[in-house]
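Working notes for the structure below.
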């Protein structure tokens, strides 16, 4: 579907504090948010293109680099196809993500498979398609030994854990001493075993690392990449041949959730890597990146209707349709994943008036389903709309099926600049459906309706 309404932009972009105001108003006006659609996700397609452009610009001086998008950050086929159209490759971590990447149109030569628990069938498929595979362990390399056809076009690598430590969010830190990912580089005998693995396998040509993302400072990320670069140099020097020819340096750029500004930027990331490993961009190694959240987070938001507002124990609570089912990380780890909240009236215009502390709660049937506590906002009431900003990655694309709540619709949008004649008339906002809202029939089918009598059948 494609729909159009009005918005006002200067030079193609709204002022930072009101970037999505016109889009919210348009969504309400067209019925995408309201009684019939109490929660939805929205993706700024031009914003995505700009973010990809910034990434490519930051690496413009790099002789050979493949930028892949981490599919887990937004596993929606139209979004993946948009990214493919922007020149991105795709990083996948499951058979499902691999299928989505193929359906989205990524060339299999630009797809990278990472996962700590690949099945034999998953490896066979990847090798048959020519998808690059990063083995997560020495045991997985031995499995690839048995499955690999010498004629495969797949680039094959080994993931290492540089064990440089964790950031401020433990579950997002993948380079701790006991991380489940990769071969632990500083464990006794590990370094020698890695060199030997490359000696025995001329087809093994890539090293992969990923230190973490949110909560990890650039210096920590760069340190992990530098240690992996040093390992590549050591392998090649020890073997007397240029065996390692490419480095997959993962993703990991953290996102600023405190305000509108994009920091750190990709240029900051390249500067940190250059300082830590000056030879990284020399051209001796082709590079692969795997960014996800940093490309999409600020290019999307969740809009949700306020169904009720109440006071309990002196605390005002707005009950909305955006809770743990679509903002799972924020609800379960509120200190690690705080979100900015916007308050809008029933017509989709920003609310004004005195601010007061309010909780923004969701629809899930457990007490902790709260996306923001004591947030200072204009007083929210029934039929108002709240916006959860910076949720373009992860949040609405991979919802949690708690309480059998339906997956929300997702819309892409383009906000076009209005006339420059000073008339004050707005330009259009155009919406396109990315994913339909899940229906009750869909939920019933997903929950085994076709096998309803399976457990009560009796012999004879």
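In my numbering, the protein residues as written are 20 to 479. Every residue gets a Cβ at the ideal spot worked out from N, C-alpha and C, and that includes glycine. Computed from a predicted model, the values in this text were never measured in an experiment.
By the 10 Å Cβ neighbour count, where 16 or more other Cβ atoms means buried, how is residue i classified, buried or exposed?
i, result
"residue 219", "exposed"
"residue 385", "exposed"
"residue 273", "buried"
"residue 388", "buried"
"residue 401", "exposed"
"residue 469", "exposed"
"residue 62", "buried"
"residue 410", "buried"
"residue 137", "buried"
"residue 155", "buried"
"residue 180", "buried"
"residue 260", "exposed"
"residue 458", "exposed"
"residue 477", "exposed"
"residue 208", "exposed"
"residue 460", "exposed"
"residue 440", "Only weak support is given to the placement of residue 440: the predicted model assigns it a pLDDT of 41, under 50, and the value that follows is read from those uncertain coordinates. Exposed, because fewer than 16 other Cβ atoms sit within 10 Å of the Cβ of residue 440."
"residue 225", "buried"
"residue 327", "exposed"
"residue 133", "buried"
"residue 403", "buried"
"residue 59", "buried"
"residue 475", "exposed"
Report the CB separation of residue i from residue j in whole angstroms; it is logged as a contact under 8 Å.
i, j, result
"residue 149", "residue 188", "With a Cβ gap of about 35 Å, residue 149 and residue 188 do not count as contacting."
"residue 281", "residue 317", "6 Å"
"residue 39", "residue 325", "No, residue 39 and residue 325 are not in contact; Cβ-Cβ is about 18 Å, not under 8 Å."
"residue 454", "residue 408", "In fact, because the Cβ distance is near 20 Å, the residues do not count as touching under 8 Å."
"residue 397", "residue 374", "6 Å"
"residue 227", "residue 270", "Contact flag wrong, Cβ pair sits at about 11 Å."
"residue 463", "residue 57", "The pair is not a contact, with the Cβ atoms about 20 Å apart (cut-off 8 Å)."
"residue 300", "residue 293", "6 Å"
"residue 290", "residue 231", "About 19 Å; that fails the 8 Å criterion."
"residue 109", "residue 412", "Not confirmed; about 14 Å, so no contact."
DSSP on residue i, reduced to helix/strand/coil?
i, result
"residue 468", "helix"
"residue 336", "strand"
"residue 401", "coil"
"residue 126", "coil"
"residue 443", "Because residue 443 sits at a pLDDT of 41, beneath the cut-off of 50, its placement in the model cannot be relied upon, and the point is left open."
"residue 304", "coil"
"residue 229", "coil"
"residue 494", "This structure does not reach residue 494, given that the chain is present from 20 up to 479, and the question cannot be answered."
"residue 85", "strand"
"residue 296", "coil"
"residue 52", "coil"
"residue 187", "coil"
"residue 201", "coil"
"residue 475", "coil"
"residue 354", "coil"
"residue 180", "strand"
"residue 70", "helix"
"residue 388", "coil"
"residue 95", "coil"
"residue 243", "helix"
"residue 111", "strand"
"residue 137", "coil"
"residue 449", "strand"
"residue 289", "helix"
"residue 104", "helix"
"residue 40", "helix"
"residue 121", "helix"
"residue 218", "helix"
"residue 349", "helix"
"residue 378", "strand"
"residue 324", "strand"
Looking at C-alpha atoms only, which residue of the options is the closest neighbour of residue i?
i, options, result
"residue 176", "60, 160, 300 and 241", "160"
"residue 447", "435, 453, 123 and 240", "435"
"residue 111", "358, 103, 120 and 104", "120"
"residue 394", "183, 357 and 366", "357"
"residue 173", "183, 211, 182 and 223", "223"
"residue 168", "162, 146 and 202", "146"
"residue 54", "464, 339, 412 and 371", "339"
"residue 126", "107, 295, 301 and 278", "107"
"residue 105", "70, 313 and 96", "70"
"residue 215", "88, 449 and 256", "256"
"residue 90", "65, 129, 84 and 82", "129"
"residue 142", "163, 158, 247 and 123", "163"
"residue 46", "192, 116 and 364", "364"
"residue 315", "465, 472 and 414", "414"
"residue 433", "115, 65 and 306", "65"
Inset, instruction - Quick one: which unbroken beta strand (DSSP E) runs of 3-plus residues sit fully inside the stretch 403-439? Chain order, please. - result: 404-408 and 428-434
Inset, instruction - Return the chain-ordered ranges of every beta strand (DSSP E) run that is complete within the stretch 257-285 and spans a minimum of 3 residues. - result: 265-267
Inset, instruction - Mind listing, in chain order, the continuous beta strand (DSSP E) runs of no fewer than 3 residues lying wholly within the stretch 139-166? - result: 151-154
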